[in-house]
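Residue 11 in my numbering sits at position 11 of the sequence shown, and the numbers go up by one each step.
Worksheet: the structure to be examined is printed underneath.
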Amino acid sequence: MLKKIRILTVLLLTLIMTCLSIFPAGAAPAAVSTRIKDIAKVQGVRANQLIGYGLVVGLAGTGDSTKNIQTMQSISNMLSGFGVTVTADQLESKNVAAVIVTAQLPPFVKSGDTIDITISSLGDAKSLQGGTLLQTPLKAGNGQIYAVAQGAVSTGGFSAGRGGSRQQKNFPTVGTTPNGAIVERDVAVELASNGTIR
Numbered sequence: 001m002l003k004k005i006r007i008l009t010v011l012l013l014t015l016i017m018t019c020l021s022i023f024p025a026g027a028a029p030a031a032v033s034t035r036i037k038d039i040a041k042v043q044g045v046r047a048n049q050l051i052g053y054g055l056v057v058g059l060a061g062t063g064d065s066t067k068n069i070q071t072m073q074s075i076s077n078m079l080s081g082f083g084v085t086v087t088a089d090q091l092e093s094k095n096v097a098a099v100i101v102t103a104q105l106p107p108f109v110k111s112g113d114t115i116d117i118t119i120s121s122l123g124d125a126k127s128l129q130g131g132t133l134l135q136t137p138l139k140a141g142n143g144q145i146y147a148v149a150q151g152a153v154s155t156g157g158f159s160a161g162r163g164g165s166r167q168q169k170n171f172p173t174v175g176t177t178p179n180g181a182i183v184e185r186d187v188a189v190e191l192a193s194n195g196t197i198r
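See below:
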């Protein structure tokens, strides 16, 4: 009987030692890596949309036609700000296009940071390729200016042709300017209310 107890004890200790060598007692379970932003949303932390109206200049005859009164009036207004007096009906430039500029203002940006912008033709311009966006204030839905955009326009498309043959790729009347707007105002973010983050 004593011999059987010794054999069982030796077998039991061998089994325990084998298990401990395979699964060490101090080993931590496999860590699961999850970011908080992937599983939670903090109330009040979101992007804000910005919009502005501006002019793209330097277009090689592919800008708005003189039939677009808003473009000619905008050129006249801009020039009057520089002390040049000219009426909209005196202008005959096809090197300028009226555009809408849009951007996303991410949360936690600070004054001086830059954000990407999208520039879209508003009139009958054929292409914005090679143009430069003039300084354009960007407003949020509350009417406040949060950024100012300016810079060279990069389009991902082209439109070319001669006679009856014409070829177009993507949209030459929509362009982007990476880091084309400078944030002028911080966006207030209130993370805690009464000591609670929601």
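For every residue, glycine included, the Cβ atom is placed at its ideal position computed from N, Cα and C.
Kindly list the residues whose CB is nearer than 7 Å to the CB of residue i, restricted to its own chain and excluding five residues on each side of it in sequence; keep chain order.
i	result
residue 40	none
residue 143	none
residue 130	58, 59 and 60
residue 111	183, 184, 185 and 186
residue 100	51, 53, 120 and 122
For the beta strand (DSSP E) that residue i lies in, which residues bound it at each end?
i	result
residue 90	Run containing residue 90: none; DSSP gives neither H nor E here.
residue 181	174 to 183
residue 135	132 to 139
residue 148	145 to 152
residue 118	114 to 121
Among the candidates the options, whose CA atom is the shortest distance from the CA of residue i?
i	options	result
residue 49	73, 72, 103 and 42	103
residue 93	62, 153 and 11	62
residue 105	6, 10, 148 and 85	148
residue 108	100, 84 and 183	183
residue 116	46, 77, 17 and 176	176
residue 136	74, 12, 87 and 186	74
residue 211	46, 98 and 14	Examination of residue 211 is not possible in this model, given that the chain is present from 1 through 198 alone.
residue 122	86, 45 and 172	172
residue 77	66, 65, 95 and 55	55
residue 64	85, 84, 188 and 120	120
For residue i, which residues in the same chain have their Cβ closer than 8 Å to its Cβ, ignoring the five residues on either side in sequence?
i	result
residue 139	50, 51, 52, 145 and 146
residue 114	179, 180, 181, 182 and 183
May I have the straight-line CA-CA distance separating residue i from residue j, to the nearest angstrom?
i	j	result
residue 134	residue 153	10 Å
residue 80	residue 181	24 Å
residue 68	residue 88	10 Å
residue 91	residue 71	10 Å
residue 132	residue 141	26 Å
residue 6	residue 17	16 Å
residue 35	residue 43	17 Å
residue 151	residue 96	14 Å
residue 9	residue 15	10 Å
residue 174	residue 86	29 Å
Going along the chain, which unbroken runs of the beta strand (DSSP E) with 3 or more residues stay wholly within the region 39 to 112? Within the region 39 to 112, the complete beta strand (DSSP E) runs of at least 3 residues are 48 to 57 and 96 to 105.
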